[in-house]
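Asker:
2 protein chains.
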Amino acid sequence: MLGRALALLSEFRPGEHEVGLAELARRSGVAKPTAHRLLAELEAWMLVERTGRGYRLGLRLFELGQVVPRQRDLQETATPFLADLYEATRETVHLAVPDGAEVVYVQKLSAPGGPDIPSRLGGRMPAHCTGVGKALLAFGPPERLDAVLAAGLTRRTPRTVVLPGMLGKQLATIRRLGLAEEHEESGPGVACVAAPVTDASGVAVAAISITGWSNRLDTRRVAPAVRTAALALSRALGGAPVLSSLQEP
Amino acid sequence: MLGRALALLSEFRPGEHEVGLAELARRSGVAKPTAHRLLAELEAWMLVERTGRGYRLGLRLFELGQVVPRQRDLQETATPFLADLYEATRETVHLAVPDGAEVVYVQKLSAPGGPDIPSRLGGRMPAHCTGVGKALLAFGPPERLDAVLAAGLTRRTPRTVVLPGMLGKQLATIRRLGLAEEHEESGPGVACVAAPVTDASGVAVAAISITGWSNRLDTRRVAPAVRTAALALSRALGGAPVLSSLQEP
DNA sequence: TCACACCGTCTCGCACAGTGGAACGCACGG
DNA sequence: CCGTGCGTTCCACTGTGCGAGACGGTGTGA
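Chains as they are written, first to last, in numbering that gives the first Met the number 0: chain A, 0 to 248; chain B, 0 to 248.
1) Do W212 (chain A) and A268 (chain A) have their beta-carbon atoms positioned less than 8 angstroms apart in this structure?
2) Take T50 (chain A) and list the residues in its own chain whose beta-carbon comes closer than 6 angstroms to its own, dropping the five residues that flank it on each side.
3) Which residues does DSSP list as the beta-bridge partners of M124 (chain B)?
4) Residues in the stretch 58-74 of chain B with C-beta within 8 angstroms of chain A's C-beta atoms, listed in sequence order?
5) Buried or exposed: which applies to E183 (chain B), given that a residue is buried once 16 or more other Cβ atoms fall within 10 Å of its Cβ?
6) With H, G and I counted as helix, E and B as strand and the rest as coil, what does DSSP make of I173 (chain B)?
7) For H16 (chain A), go through chain B and note every residue whose CB falls closer than 7 angstroms to its CB, in chain order.
8) What residue from A:E10, A:L178, A:G122 and A:R26 has the CA that sits closest to L58 (chain B)'s CA?
9) By DSSP, does P187 (chain B) sit in helix, in strand, or in coil?
10) Does the Cβ of T153 (chain A) have 16 or more other Cβ atoms within 10 Å, making it buried, or fewer, making it exposed?
11) Give the residues of chain A in contact with P79 (chain B), contact being defined as C-beta atoms less than 8 angstroms apart.
12) Give the range of the alpha helix (DSSP H) segment to which R226 (chain B) is assigned.
13) So with Cβ pairs under 8 angstroms, would you call V102 (chain A) a contact of chain B?
14) Could you check which residue in A:R174, A:P187 and A:A179 has the C-alpha nearest to that of T156 (chain A)?
15) What does the alpha-carbon distance come out to for the pair A39 (chain A) and V202 (chain B)?
16) Secondary structure at H182 (chain B), three-state DSSP: helix, strand or coil?
17) Are any of the Cβ atoms in chain B nearer than 8 angstroms to that of G121 (chain A)?
18) So, is the C-beta of R55 (chain B) closer than 8 angstroms to a C-beta in chain A?
19) So, with DSSP's three-state summary, where would you put S27 (chain A)?
20) Go through its chain and collect everything with a Cβ distance to I255 (chain A)'s Cβ below 7 angstroms, but skip five positions before and after it.
21) Within 8 angstroms of any Cβ in chain B, is that where the Cβ of M0 (chain A) sits?
22) CA-CA distance, E142 (chain A) and S208 (chain A)?
23) Find the residues of chain A that neighbour L230 (chain B), judging by a C-beta separation of less than 9 angstroms, and give them in chain order.
24) Alpha carbons only, please: which of A:L166, A:A24, A:L230 and A:E22 is nearest the one belonging to G177 (chain A)?
25) Nearest-angstrom Cα distance between P97 (chain B) and N214 (chain A)?
26) Taking Cβ-Cβ distances below 9 angstroms as the criterion, which residues of the stretch 189-218 of chain A are in contact with chain B?
27) What do you get for L120 (chain B), buried or exposed, if any count of 16 or more other CB atoms within 10 angstroms of its CB means buried?
28) On the DSSP letters alone, give me the boundaries of the alpha helix (DSSP H) that A146 (chain B) sits inside.
29) What whole-angstrom Cβ distance do A4 (chain A) and L41 (chain A) have, given they're in contact under 8 angstroms?
30) Around the Cβ of M0 (chain B), are there at least 16 other Cβ atoms within 10 angstroms (buried) or fewer (exposed)?
31) Can you name the residues of chain B whose CB is closer than 9 angstroms to the CB of P187 (chain A)?
32) So V221 (chain A) packs on E90 (chain A), CB below 8 angstroms; how close in whole Å?
33) State the start and end residues of the unbroken beta strand (DSSP E) segment that holds A203 (chain B).
34) Identify whether L37 (chain A) lies in helix, strand or coil by the three-state DSSP scheme.
35) V103 (chain B) and A110 (chain B): beta carbons closer than 8 angstroms?
36) What is the rounded straight-line gap between the Cα of T76 (chain B) and the Cα of A235 (chain B)?
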């Protein structure tokens, strides 16, 4: 029963204003009367709300989501730093954390007029083809890269790096520079510079990035700002900022 | 079963790194073996994660929380505006939405060195004793104020307004000025200026505020900035910015 | 207007799943 | 060592969950 209810919750999609019972039943494979009943219970707990013509996820879910320890402290501490970086560069700013072979975006400040960036607050992207993901891999524990390679390097654009050897070379460069770049590997027209946010042992626990049009973003100009913000955030989190030159492979 | 699982989820508290099984069972009133089993299922769905010595809410819950329509679009559009306001004033910035007799904070940029503000991203406060809450009441439908009065005006500090008549007077002033102020009504030493964010029909759907020390925040200085940001956000959301002078009671 | 498709809601016979007291091994502190 | 509390497992007991089908309502197209 619990699994079915949770399966229903998973069928709500970002951007949808509401979803009808029949559609939710179809998507989840749960019979309509069962779905109806489960949704009523979820509604009683405010995880789901009724709309005129269907259901939507409830505000209580947002509230619970903000209690999650893995992102809560980070997001709260990071947001002013991200705001600074946004102000300084006027480009779209991201903060992401690692989860398995992927990254999860826990904060995003979007600049107007930017490219159609595939990222979404609360959304996931494969680590290997995103700036933040590569920063997390370069400065993360080996198991993180193992997980990515085990999951396979999927192609998202013609520019996506799908050879483990090439990815390894990229990561070595990133470790040397303390900065990761991405050029249309996750989405067309998208460029990005990212820097790791490290904990007390120097392991990347998050990454900050600036994202813009690949034919317009001056990565050399914004890179030091990204790195600066990441170092400051690392310090604010009680971490040890990684001196990248000390990571020479 | 579902209710019990959801009751367990509700027992995780902000700021806790982890919670043990026995404590969760105590808090929720669910028997230990049952709690153990339910947590295992929640873990399978990634809503809960195991830690060394207990459990914590899982990142998946954050992801689901970011799909919630009531805050998602607003938060995404609002964050750059809030970043602007944060940069312009260097004070703590909030964005809140109404829910029943309370407000829920959907974004917050904290300035260092500020007062111990009782608000929390994803948290709730009574509407009647917060700047954002009063802005939402002054520019909201009458049912919203009815709900607050029905819930009762609870006292949070010696300065909390608990007489319906006084609150009504405050709301009238707010409607005239287009701005709500709060002086130590929600917490000691806390002052705040808030402005409504309105939809196409002119009803407040959210509110923005600046919060700082009551003996230091120059509300007259920051008020126009708050109102400016709120008006800009209203427009960005497709709303009709309320010309406050047209709301003369 | 009528027929059809689809919606959300409810019923009830059927089937299986949920529950928690008790036991156990382990860890910690006095 | 003993007592306390932890997390984990077991199993007898019982309670709950499930969905095919029916129904009334709505919307659309011929």
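We put the beta carbon where it would ideally sit given N, CA and C, even for glycine.
Answerer: Put simply:
1) Residue 268 (chain A) is absent from the model: chain A starts at 0 and stops at 248.
2) E17
3) Its beta-bridge partners are B:V102.
4) L58, L60, F61, E62, L63, G64, Q65, V66, V67, P68, R69, Q70, R71 and Q74
5) buried
6) helix
7) P68
8) A:G122
9) coil
10) So T153 (chain A) counts as exposed.
11) Y85, L108, S109, A110 and P111
12) T218 to A235
13) Closer than 8 angstroms: no.
14) A:P187
15) 29 angstroms
16) strand
17) So yes, G121 (chain A) belongs to the interface.
18) Contacts with chain A at 8 angstroms (Cβ-Cβ) include R55 (chain B).
19) If DSSP states are grouped into helix, strand and coil, S27 (chain A) belongs with the helices.
20) The structure shown does not extend to residue 255 (chain A), since chain A spans only 0 to 248, so no value can be given for it.
21) yes
22) Cα to Cα, the separation comes out at about 23 angstroms.
23) Chain A residues near L230 (chain B): none, gap ~17 angstroms exceeds 9 angstroms.
24) A:L230
25) 42 angstroms
26) none
27) buried
28) P141 to A150
29) 6 angstroms
30) exposed
31) Neighbours of P187 (chain A) on chain B: none; closest Cβ ~22 angstroms, over 9 angstroms.
32) 6 angstroms
33) A203 to W212
34) helix
35) no
36) 7 angstroms
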